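Asker:
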Amino acid sequence: MSFTNGAAPPIIELRSIHKKFPGVHALKGVSFDLRPGEVHALVGENGAGKSTVIKVMAGVYDFEGSYLFDGKEARIAEPLDAIRLGISVIYQELNLVQDLSIAENIFFGKLPTTRTGRVKWSEVYARTEEHLGEVGLRVSARTKVRRLSVARQQLVEIARSLSLNAKVIIMDEPTSALCPSEIENLFSLVARLKGKGVGIVYVSHKLDEIFAIADRVTVLRDGAYVGTEDIADLTNRKLISMMVGRELSSLLPKTAPVLGEDILDVKDLSTDKVSKVSCHVRRGEIVGFAGLMGAGRTELARALIGLDRRIEGSVVLDGSKLAKDDPPLACRIGFGLVPEDRKLEGIFPDLDIRQNMSIVSLGDLRAGLGISASREKTVVDDMIRRLGIRTPSSSQLVAKLSGGNQQKVILARWLIKKNVKVLIIDEPTRGIDVGAKAEIYRIIDGLAHQGMAIVMMSSEMQELIGMCDRIYVMAGGRIVDEISGADATQERILSSCIDERG
Amino acid sequence: MNKKAETPKGGITVKDILSGEQASLVIALLVLCAVATVLAPVFLTTTNVMNVLRQTSLIAIAGIGMVMIILMGEIDLSIGSTQALVGILCVWTLNATGSMVVAIVASLALGVLLGLINGLLVTKARLNSLIATLGTMAIFRGIAFVTTNAVSIQSKVPSFDTVGTGYFGPFPIPVVLTIALFAAFYYVLHHTAFGRYIYAIGGNVNASRLSGLPVEKMKIQIFVMGSVFAAISAIILASRMSSGQPNAGVGFELQVVAAVILGGISLTGGVGTLTGAFIGMLILGVLDNSLILLNVNSFYHDIARGAVIIIAVYLDGARRRNLQKKLIKATE
């Protein structure tokens, strides 16, 4: 092989990778390469395919296409093969055993033992502290992981990668739960790792971070490869247009709201995960909840419908007080929920589209003892038309639909049901391609116009700013700020998220 | 990609999967019957067919409850012990009051109570149903032995045996009862909200909770119904034997679970139909019957049954992997 411009030969090279799941063609010919000692950012919106690429590199998924490691075909059939080659992944959800010590976590599965099988603990602790030194973490190797902050746990994961002689470290949204000083610390560590010749794949959708540490950037959009550029050749604007493909504002159909009286009134609501949340929503209003990962948005949604045990506080919906933790009751009096994780919490994969849509309104569709098949079909077919769900028939399995169409099916569930007054939508467009996003936004806006109150949890700030009449900012399970839609900017929201972290 | 999805050719519907599955079950049943007829011509006589149906009716009736429980993603191992305990109470009440109606009502009430215990252990105490009903299986059996001193109770009301051995026209009463219950619960499972919820909860319990479906209430109801069906089978069994026996129904739960799984009810919940389960029960019934007709030592019956179940579950897994592939292909 020959190399031009003296650039080091890539250690990882992916060529036109395809990956298909039921209902989703997740990667459509993605190429990516990583050189030793560089930080190569992998960017794209939610659902662009970043995580899938990571899992291909880490041996979690099989795929079609070619994957070279050190110029040779990578024989990676399972994660252990990738680890043996020196590929480490620091996932967003950290992978540490909370009740074991740092040293035990780092030497998990490879504890050095004497011939009789006794663990050489002194060696384990000494070597652990050496690795901790490399990542700048000054704590005892015997500390239980549970006692460390998220940022420190992340450093432990990096130390573990180093103990495995990692040549490639893949970081998936590493800053999503870090405060600014922790981020700075992480960046200087990344710079040191670079200096040692480690190649780093940095996955993020935060542009400022990418400009701060990346050498090259590869952009994905809707599972397709958009391009790879040197950071020096990029501007903020150019990168955004590569990611989005068009101006986001054109996707957001927000129209002027018609606000009615307060319909949802929450006072001092506390569960194990949220504390003293007070908020209110008016008829026809779209209210957003912003916050970093783990700020308590999803937990608030669960608390509102009584899925988590309420410790104190009150939830009043249209004058009726939610007397106890009882989701069926909450739904009866007018709550609807579109959950965050469509696959695990939203769809019924074994049921067809019709059954998925009508599941919460079977009471309305009753005829005698049973369900009126004709009325059910009528309302479902009507909804398929109204929302533009692309399917040959309502008897199609829902798992076969694309993410956007699945999301429409779940929205339709609550549109069919009579008397839904407050619709809680957790991450309305996660994992949905750009075109379908615009349609989802239009549906939400239409609902608000019909007088429904919308509560929207989202980690996409542009979406919140573009859609919401009012935004609550959450951190640590509390509401820390309330911003009117007109005053909302990314900077304002971010600074609220971070200031209150303490 | 969406364009392609619109062509009906790539379409897969719930119907496709089920009809495919049931077709293979029906074929298996027919082949089994054909082989049995060739080897033992007596198989295809009216008397023998009625015999098969009567033998199968106990498993079939308890199986309706088990289908619903497994569809919800749970299991009930206590139904064999329930059968013994209810049978004892039934005959005891019968002897004490001389009234069949009182005996049957008391039996069904005990079924409700035992099912309620299982249901509350699974929902309120949050025990895994495999463990909870393994526990109640031992407890119910123990109570059956303690209350009778391990001696069976003979019925003193001679007319009691009509329930299990009598005829309704040309059909044995248990068979008529089985068919009536199947028809009723076919409607319940496939045409009512209750049935739809069973599939939804078994298919995705998280989504069910977040959609406000009454998950806990449904689970309790299903366990109660499962035990009531077991109680009905207990009454028939007690009537047939004219006695309540503390060691009745040992291993019954496994026969029922096996038949249901053979019929395509997935142990992970949410997948399968009552008709499929019924065919599964018939397959095991015919298998047992033909082995008897062929004078095969009864110890071999267990071996044959076990082998059939392993093959069936293997085929079920293969079919599911196949479906997954088909889904992926259809999205290209």
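Quick note, the sequences are listed as chains U and D, same order.
The first sequence begins at 100 in the numbering used here and counts up one residue at a time.
The second sequence begins at 972 in the numbering used here and counts up one residue at a time.
Even for Gly, the Cβ is constructed at its ideal location relative to N, Cα and C.
This one's a predicted model, so the numbers in the text were calculated from it and none came from an experiment.
#1: For U:L236, report the span of its beta strand (DSSP E) as first-last.
#2: Rounding to the nearest angstrom, what Cα-Cα distance links U:V155 and D:G1113 in this structure?
#3: Between the Cα of U:E360 and the Cα atoms of U:L285, U:K375 and U:E384, which residue gives the shortest distance?
#4: Say whether chain D places a C-beta atom closer than 8 Å to the C-beta of U:Q70.
#5: Would you please state the rounded distance, in angstroms, between the beta carbons of D:L1048 and D:L1098? I believe it to be under 8 Å.
#6: Run down chain U in chain order and give the residues with a C-beta less than 7 Å from the C-beta of D:R1291.
#7: For D:I1144, report the span of its alpha helix (DSSP H) as first-last.
#8: Taking the Cβ atom as the reference point for each residue, do U:D271 and U:I175 lie within a distance shorter than 8 Å?
#9: Any chance you could list the alpha helix (DSSP H) runs of at least 4 consecutive residues sitting entirely within the region 993-1079 of chain D, in chain order?
#10: Go to U:I410, then tell me how far its alpha helix (DSSP H) extends in each direction, as first and last residue.
#11: Using a Cβ-Cβ cut-off of less than 9 Å, list which residues of the region 535-563 of chain U approach chain D; keep chain order.
#12: What does DSSP give as the partner residues of D:Q1125 in its beta bridges?
#13: Between U:F388 and chain D, is any beta-carbon pair separated by less than 8 Å?
#14: Would U:L391 pass as a contact of U:S557 if the rule is Cβ separation under 8 Å?
#15: Closest to U:L285 by C-alpha separation, out of U:R251, U:T397 and U:D451, would be which residue?
#16: Helix, strand or coil, according to DSSP, for U:L428 in the structure here?
#17: If we ignore side chains and look at the alpha-carbon of each, how far apart do U:E444 and U:I116 end up?
#18: Quick check: what's the CA-CA separation for D:G1220 versus D:G1051?
#19: Based on Cα-Cα distance, which residue from U:Q505, U:N264, U:G418 and U:A429 lies nearest to U:A400?
#20: Write down the C-beta distance between U:K520 and U:D417 rounded to the nearest angstrom, noting that I regard them as a contact closer than 8 Å.
#21: Which residues in chain U sit within 7 Å of D:V1057, going by Cβ to Cβ distance?
#22: In this structure, what does DSSP give as the bridge partners for U:L522?
#23: Buried or exposed: where does U:E526 fall if 16 or more other Cβ atoms within 10 Å of its Cβ makes it buried?
#24: Counting C-beta neighbours from all protein chains within 10 Å, is the total for D:N1293 16 or more, i.e. buried, or is it exposed?
#25: Can you look up U:Q495 in the DSSP assignment and give me helix, strand or coil?
#26: With a threshold of 6 Å on Cβ separation, who are the neighbours of U:M341 within its own chain once the five nearest residues in sequence on each side are excluded?
#27: Identify the continuous beta strand (DSSP E) that holds U:K127 and give its terminal residues.
#28: Check whether the region 401-421 of chain U and the region 1159-1178 of chain D are in contact - that is, three or more C-beta pairs closer than 8 Å.
#29: For U:I189 versus U:I257, is the C-beta spacing smaller than 8 Å?
#30: Output the boundary residues of the beta strand (DSSP E) element that contains U:K119.
#31: Which residues, in chain order, does the region 413-435 of chain U contribute to contact with chain D at a C-beta distance below 7 Å?
#32: Do we get a CB-CB distance below 8 Å when we pair D:V1242 with the residues of chain U?
#33: Using a Cβ cut-off of 9 Å, pull out every chain U residue sitting near D:Q1295, in sequence order please.
#34: What in chain D is Cβ-close to U:L443, meaning under 8 Å?
#35: What does U:H139 pair with, by DSSP beta-bridge criteria?
#36: Could you tell me which residues DSSP puts in a beta bridge with U:R320?
Answerer: In terms of the structure at hand:
#1: It is not in any beta strand (DSSP E) - U:L236 carries neither H nor E in the DSSP assignment.
#2: Here the alpha carbons of D:G1113 and U:V155 stand approximately 55 Å from one another.
#3: Measuring from the Cα of U:E360, the nearest candidate turns out to be U:E384.
#4: The shown model of chain U, from 100 to 601, leaves out residue 70 of chain U, and the question about it has no answer.
#5: So it is not a contact: roughly 12 Å between Cβ atoms.
#6: Per Cβ cutoff of 7 Å: no residues; D:R1291 is ~11 Å from chain U at best.
#7: Run containing D:I1144: I1144 to H1162, per the alpha helix (DSSP H) assignment.
#8: With a cutoff of 8 Å on beta-carbon distance, U:D271 and U:I175 are scored as not near each other.
#9: Entirely contained in the region 993-1079 of chain D, the alpha helix (DSSP H) runs reaching 4 residues are, in chain order, 1017-1042 and 1050-1068.
#10: Premise fails: U:I410 is in no alpha helix (DSSP H) and is neither H nor E.
#11: Under the 9 Å Cβ criterion, the region 535-563 of chain U contributes no residue.
#12: Beta-bridge pairing links D:Q1125 to D:S1214.
#13: Taking 8 Å as the CB threshold, U:F388 stays off the interface with chain D.
#14: The criterion of a C-beta distance shorter than 8 Å is not satisfied by U:L391 and U:S557.
#15: The residue among U:R251, U:T397 and U:D451 with its C-alpha nearest the C-alpha of U:L285 is U:R251.
#16: Here U:L428 sits in helix by DSSP.
#17: One C-alpha to the other measures close to 29 Å.
#18: Rounded to the nearest angstrom, the two C-alpha atoms are 4 Å apart.
#19: Of the listed residues, the one whose Cα sits closest to U:A400 is U:A429.
#20: Correct: roughly 5 Å between the Cβ atoms.
#21: What D:V1057 touches in chain U: nothing, since even the nearest Cβ is about 28 Å away.
#22: Residue pairing by DSSP puts U:L522 in a beta bridge opposite U:G435 and U:I553.
#23: With at least 16 other beta carbons inside 10 angstroms of its own, U:E526 counts as buried.
#24: Exposed, because fewer than 16 other Cβ atoms sit within 10 Å of the Cβ of D:N1293.
#25: The DSSP-derived three-state label of U:Q495 is strand.
#26: The beta carbon of U:M341 is closer than 6 Å to those of V318 and V325 in its chain, skipping five residues each way along the sequence.
#27: U:K127 -> beta strand (DSSP E) spans V123 to L133.
#28: The region 401-421 of chain U is not in contact with the region 1159-1178 of chain D.
#29: Their beta carbons are under 8 Å apart, which means U:I189 touches U:I257 by this criterion.
#30: Under the DSSP assignment, U:K119 falls in the beta strand (DSSP E) whose first and last residues are I111 to F120.
#31: Under the 7 Å Cβ criterion, the region 413-435 of chain U contributes P426, P427, A429 and C430.
#32: Yes - at least one Cβ of chain U is within 8 Å of the one on D:V1242.
#33: Per Cβ cutoff of 9 Å: P121.
#34: The contacting residues are N1175, N1177 and A1178.
#35: U:H139 is bridged to U:V300 and U:R315.
#36: DSSP lists U:A323 as partners of U:R320.
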